[in-house]
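Each residue of the sequence shown is one higher than the last, beginning at 39 in the working numbering.
The structure appears below as structure tokens.
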Amino acid sequence: MNPTAQWPSAAIPLMYALSLVFGLSPAQGGDLNWSDEVILEASTFLITAFNNAQPMIRSRDEQSVFVGYETDSGLHAAVIENATLVHSQAIASLPNAGGLTFEDSPDGTLYAAYSSPAGVHVRASTDAGRSFGPEVTIPNAGSPASSPSMSFAADGVGYLTWFSGASGATSVRYSVRDPNAETWSAGVDCDPGYTQSAFPCVWARGAWPLFAWRTDFDSSASEKWVIRFAELNGPTLNVSSLTSSTSSAFDPSVCRTADGTVLVGFFLGGGEIRFLRRRPGEAAFDPPQPLGDYGRFPRVVPNNRGMVGVSYEYSAVPGGPQQDEIKEVGFALSEGNGASYTLRAIPVDMQGIHYQTFSHVWLSDHFVDLIWIDGRTPGIRALKWRSAQIPSESHVSNWRLY
């Protein structure tokens with residue numbers, strides 16, 4: 039990463055003994071002390087761009103982490119305990135499935151969702167991901183389907199969104215799970231007026247569900263992609279555009295922070311990562327602001343302490359990462375509900391990666407977990423993981439302010 043953007047000049051190092059928690063020797067990394075990287079899986083075919091399948095990660099407690107990933111043998115769910123991969127199970131087999139995502143419901147059930155040429159499917163686990171029940175297919179999902187995203191509200195209602203394509207057109211759809219009936223509703227179009235919509239995401243924690251996706255503004259050869267945003271307040275899905283058609287915007291990630299701030303991260307065609315922020319009680323979003331780095335595929339995750347973590351595929355040059363370009367994992371952290379961010383270096387030798395470094399970040403109240411793909415070894419792609427303890431109090435200085 040750009041050395042001028044990696045660390046605040048007056049950042050205070052914090053010496054947290056991660057070895058006491060994870061059994062690892064800590065690796066110093068600014069004011070976050072990252073554990074040694076752990077290789078979870080190595081494969082000749084691991085998390086490709088197929089169905090936009092980033093690896094997924096969730097912290098369950100201080101010693102347990104749950105991950106999902108894709109290999110040449112299928113979609114897998116895995117449990118990490120004390121920095122050791124203790125269990126891995128196939129969820130679905132390739133080439134008929136992809137785009138694995140998962141989410142915890144308030145009752146502790148873990149739901150895995152994935153797509154296939156036949157539609158969108160869900161499986162549930164009641165033993166923390168060590169086994170999963172039978173496959174449930176979402177009615178009216180459309181075919182083929184891709185890139186599901188899932189989230190649960192505090193009352194146990196589940197929300198699932200994806201995009202489906204037929205005859206060259208794509209549409210974003212969603213389904214709702216009734217916790218009393220334990221069924222998923224038939225898929226409903228989010229944006230019927232647009233026929234080139236893709237890569238949706240949903241966030242249901244907080245007041246009401248939030249959706250975001252990209253769509254081709256005019257379906258012309260110019261392909262001016264815009265970010266669409268929707269709120270499901272009652273039975274009505276209120277949809278609007280968050281970006282203009284003057285420049286293309288791609289692959290959003292949406293969340294609601296601890297104080298009710300709504301954040302939407304995305305990247306422009308030139309590779310600049312930007313954020314839209316709607317403050318609590320406001321009806322409109324602030325103008326989009328740059329993160330301060332170039333890259334793609336930002337993933338935005340808050341915790342209950344007002345912190346927001348962002349992982350992305352970092353590029354050192356404008357224009358965004360290219361297939362044959364050296365890439366790294368980018369990470370940024372906000373302690374102000376997304377009002378400002380500090381760019382963080384990941385203390386790992388990422389030089390020589392000529393493959394998409396799909397990554398995903400997860401913040402609990404006390405730890406940040408990062409999972410990514412390392413493609414340095416010819417023909418092999420390794421799924422790797424690192425963790426760092428989050429300070430109990432703020433020790434960050436020299437914020438990059440908007």
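Even for Gly, the Cβ is constructed at its ideal location relative to N, Cα and C.
If you're wondering where the values come from, they're calculated on a predicted model, not measured in any experiment.
Listed as beta-bridge partners of Asp412 by DSSP are Ala420.
Distance from the CA atom of Ser73 to the CA atom of Asp324, rounded to whole angstroms, is 36 Å. Membership of Tyr379 in the beta strand (DSSP E) is indicated by the continuous run Ser378 to Arg382. Taking 9 Å as the cut-off, the beta carbon of Thr147 is found closer than this to the beta carbon of Ser163.
It is roughly 28 Å from the alpha-carbon of Ala121 to the alpha-carbon of Ala135. Residue state for Met188 is assigned as strand, using DSSP reduced to three classes. In the DSSP assignment, Ser102 falls within the unbroken beta strand (DSSP E) covering Ser102 to Thr109. Under the three-state reduction of DSSP, Cys228 is assigned to coil, being neither helix nor strand. Rounded to the nearest whole angstrom, the CA to CA distance from Gly344 to Arg243 is 14 Å. Our two residues, Asn342 and Ser402, have alpha carbons roughly 8 Å apart in a direct line. The C-beta of Ile118 has 16 or more other C-beta atoms within 10 Å across all chains shown, which makes the residue buried. Counting other Cβ atoms within 10 Å of its Cβ, Ser153 reaches 16 or more and is therefore classed as buried. Your pair Leu248 and Arg294 checks out as a contact, with CB atoms roughly 6 Å apart and the cut at 8 Å.
In this structure Asn218 is exposed. Its beta-carbon is surrounded by fewer than 16 other beta-carbon atoms within 10 angstroms. The criterion of a C-beta distance shorter than 9 Å is not satisfied by Gly308 and Ser279. Within the same chain, Cβ atoms closer than 8 Å to the Cβ of Ser282 are found at Val264, the five residues on either side in sequence being excluded. Counting only residues of its own chain and dropping the five nearest sequence neighbours on each side, Asp227 has a CB closer than 8 Å to the CB of Ser209, Val210 and Arg211. Distance from the CA of Gln127 to the CA of Ala166, rounded to the nearest whole angstrom, comes to 12 Å.
Annotation for Gly303: Ser291, Phe313, Pro336 and Val338 place their beta carbon closer than 6 Å to its own, counting only its chain and skipping 5 residues before and after. The shortest CA-to-CA distance from Asp289 to any of Gly112, Trp200 and Ala207 is the one to Trp200. Assignment of beta-bridge partners to Trp241 by DSSP yields Leu248. Annotation for Gln92: no beta strand (DSSP E) segment contains it, and DSSP assigns it neither H nor E. Per DSSP, the unbroken beta strand (DSSP E) holding Ala150 starts and ends at Leu148 to Ser154. Nearest C-alpha to Glu79 among Ser425, Ile428, Gln427 and Asp412: Asp412. Residue burial is scored here from C-beta neighbours: Ile77 has fewer than 16 other C-beta atoms within 10 angstroms and is therefore classed as exposed. In the DSSP assignment, Gly333 falls within the unbroken beta strand (DSSP E) covering Gln327 to Pro340.
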